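Asker:
2 protein chains.
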Amino acid sequence: MTSITLDPVGVVRSPITDRKGAPRQPDEGAPSATIHFDPRVRQALDGLRVGDRIVVLTWLDRAARDVQRVHPRGRTDRPALGVFCTRSPDRPNPIGVHEVEVTAVRDLEVDVRALEAIDGTPVLDVKAVLPPDVRDR
Amino acid sequence: MTSITLDPVGVVRSPITDRKGAPRQPDEGAPSATIHFDPRVRQALDGLRVGDRIVVLTWLDRAARDVQRVHPRGRTDRPALGVFCTRSPDRPNPIGVHEVEVTAVRDLEVDVRALEAIDGTPVLDVKAVLPPDVRDR
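So the protein sequences, as listed, match chains Z and D. The numbering of the first sequence is this note's numbering, which starts it at 544 and goes up by one. The numbering of the second sequence is this note's numbering, which starts it at 544 and goes up by one.
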């Protein structure tokens, strides 16, 4: 299969500076963070508003890409599982999926609540979270 | 920002053969599909079972990467929005996010229900959907 090349559209700025500081799930205490977008995607942000819920896709650049099986949460007393059955950051293509709420928009900077990503993590894409009754975007 | 290179971990096999045939949302009639995984990620599938809910990340290779603003659902009577506020497949890094249910597992082939992706779409990653009360994966 052909390789794919991506250029990040932005970067996460966060008080989390290493994997130890990153909570495993957003309701386990992830802090607010700011996404700094590249000027070349300025138009793609048109219409983004405070209160919007978005899915942020990140490139987990501190993850191990050669790991295929993990002990869930590092508990070696439990059987190892394939990473496709887990949320482990370690996996062949470590893409993070984060559903967050927009709390501020300042030109190319967007603040979001409870993003579990390390400072400097590249952002690959952003999508709307559509409520079940809204199907027109 | 540095470019990132990905190798797909699999490919979607689906009766959908072009964008016209692809429903916009999974509950609008997406058919069942089969993901064919690359042998090199065999171990990453360990433990995947029928009935599991998974998030499949795809590379929407038929999308337009130079589009930053769209009229939602092609309705030119409505204002254009930045693609980051939409679910449009057209966007700088067209990564699809699909939550689906596993209906069969045969070695490197995994059947899933209601996947809105065109035949031949590369698969980048697969993750568990964890119910709110399960936090141990």
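No residue lacks a Cβ here, since even glycine has one placed at the ideal position from N, Cα and C. Quick caveat, the model's predicted, so the values are computed rather than measured.
Go ahead and label Z/His-641 buried or exposed: buried means 16 or more other beta carbons lie within 10 angstroms of its beta carbon, across all protein chains shown.
Answerer: Buried is the call here.
Asker: Interface residues of chain B around D/Val-598 at Cβ under 7 angstroms?
Answerer: Absent from the structure: chain B. Protein chains present are Z and D.
Asker: Determine the chain D residues that contact Z/Ser-575 at a beta-carbon separation under 9 angstroms, and present them in chain order.
Answerer: Residues of chain D passing the Cβ test: none, with the nearest at roughly 19 angstroms.
Asker: Is DSSP giving D/Leu-667 helix, strand or coil here?
Answerer: It is a strand residue.
Asker: Hey, out of D/Pro-551, D/Val-626, D/Pro-615 and D/Glu-652, whose CA is closest to D/Val-593's CA?
Answerer: Considering only alpha carbons, the answer is D/Glu-652.
Asker: Output needed for D/Cys-628: all residues of its chain with C-beta closer than 6 angstroms, excluding positions within five of it in sequence on either side, in chain order.
Answerer: The answer is none, since no qualifying residue turns up.
Asker: When you check each C-beta in the region 656 to 672 of chain D against every C-beta of chain Z, which residues fall closer than 7 angstroms?
Answerer: Cβ contacts with chain Z come from Pro-665, Leu-667, Asp-668, Val-669, Lys-670 and Ala-671.
Asker: State the Cα-Cα distance for the pair D/Pro-574 and D/Glu-659, rounded to the nearest angstrom.
Answerer: Distance between the alpha carbons of D/Pro-574 and D/Glu-659: 7 angstroms.
Asker: For the region 573 to 592 of chain D against the region 632 to 640 of chain D, are there 3 or more C-beta pairs whose distance is under 8 angstroms?
Answerer: Output reads no: the region 632 to 640 of chain D does not touch the region 573 to 592 of chain D.
Asker: Is there at least one Cβ from chain Z nearer than 8 angstroms to D/Leu-587's Cβ?
Answerer: Position check: residue 587 of chain D holds Ala in this sequence, whereas Leu was assumed. Answer yes: the Cβ-Cβ gap between D/Ala-587 and chain Z drops below 8 angstroms somewhere.
Asker: Check each candidate in D/Val-555, D/Ile-547 and D/Arg-621 and name the one with the smallest Cα separation from Z/Leu-603.
Answerer: Of the candidates D/Val-555, D/Ile-547 and D/Arg-621, the one whose C-alpha sits nearest the C-alpha of Z/Leu-603 is D/Ile-547.
Asker: Against chain Z, with Cβ distances strictly below 8 angstroms, would D/Thr-548 count as a contact?
Answerer: At least one chain Z Cβ lies under 8 angstroms of D/Thr-548.
Asker: At what residue ranges does the region 566 to 608 of chain Z contain a whole run of the beta strand (DSSP E), taking only runs of 3 or more?
Answerer: Runs of the beta strand (DSSP E) inside the region 566 to 608 of chain Z: 576 to 580 and 596 to 602.
Asker: Between Z/Thr-629 and chain D, is the shortest Cβ-Cβ distance under 8 angstroms, so that the two count as touching?
Answerer: By this cut-off, Z/Thr-629 is an interface position.
Asker: Using a C-beta to C-beta distance shorter than 7 angstroms, which residues of chain D count as neighbours of Z/Gly-625?
Answerer: By Cβ distance, chain D contributes Gln-586, Ala-587, Leu-588, Asp-589, Gly-590 and Leu-591.
Asker: Indicate whether the contact test is met: 3 or more Cβ pairs, each with one atom in the region 596 to 613 of chain Z and one in the region 663 to 670 of chain Z, closer than 8 angstroms.
Answerer: The region 596 to 613 of chain Z, when compared against the region 663 to 670 of chain Z, does touch it at the 8 angstroms Cβ threshold.
Asker: By the three-class DSSP mapping on this structure, what secondary structure does D/Arg-612 have?
Answerer: In this structure, D/Arg-612 counts as strand in the three-state DSSP scheme.
Asker: Grouping DSSP H, G and I as helix and E and B as strand, with all else coil, what is D/Val-686?
Answerer: Nothing can be reported for residue 686 of chain D: it is not among the residues displayed for chain D, which extend from 544 to 680.
Asker: Just the Cα atoms here: how many angstroms apart are D/Val-672 and D/Val-599?
Answerer: So the alpha carbons of these two residues sit roughly 10 angstroms apart.
Asker: Are the Cβ atoms of Z/Ala-587 and D/Gln-611 separated by less than 8 angstroms?
Answerer: Contact: yes.
Asker: Taking 8 angstroms as the CB-CB limit, is Z/Val-555 close to chain D?
Answerer: Cβ-Cβ to chain D under 8 angstroms: no for Z/Val-555.
Asker: Would Z/Val-552 pass as an interface residue toward chain D - the criterion being a Cβ-Cβ separation below 8 angstroms?
Answerer: Yes, Z/Val-552 counts as interfacial toward chain D.
Asker: Report yes if the C-beta distance between D/Val-648 and D/Val-655 is below 8 angstroms; otherwise report no.
Answerer: Contact: no.
Asker: Determine the direct distance from the alpha carbon of D/Asp-595 to that of D/Arg-531, and round the result to whole angstroms.
Answerer: A question about residue 531 of chain D goes unanswered here, because the residues of chain D that appear run from 544 up to 680.
Asker: Does chain Z have any CB closer than 8 angstroms to the CB of D/Asp-581?
Answerer: By this cut-off, D/Asp-581 is an interface position.
Asker: Report the option in Z/Leu-591, Z/Gly-572 and Z/His-614 whose CA atom is closest to the CA atom of D/Asp-589.
Answerer: Comparing Cα positions, the closest option is Z/His-614.
Asker: Would you kindly work out how many angstroms separate the C-alpha atoms of D/Val-584 and Z/Arg-583, rounded to a whole number?
Answerer: Roughly 35 angstroms between the two C-alpha positions.
Asker: Taking the alpha-carbon positions, what's the D/Arg-608 to Z/Arg-621 distance?
Answerer: Going from the Cα of D/Arg-608 to the Cα of Z/Arg-621 covers about 43 angstroms.
Asker: List, in chain order, every chain Z residue whose beta-carbon is nearer than 9 angstroms to that of D/Asp-595.
Answerer: Ordered by position in chain Z, the residues that pass the 9 angstroms Cβ test against D/Asp-595 are Cys-628.
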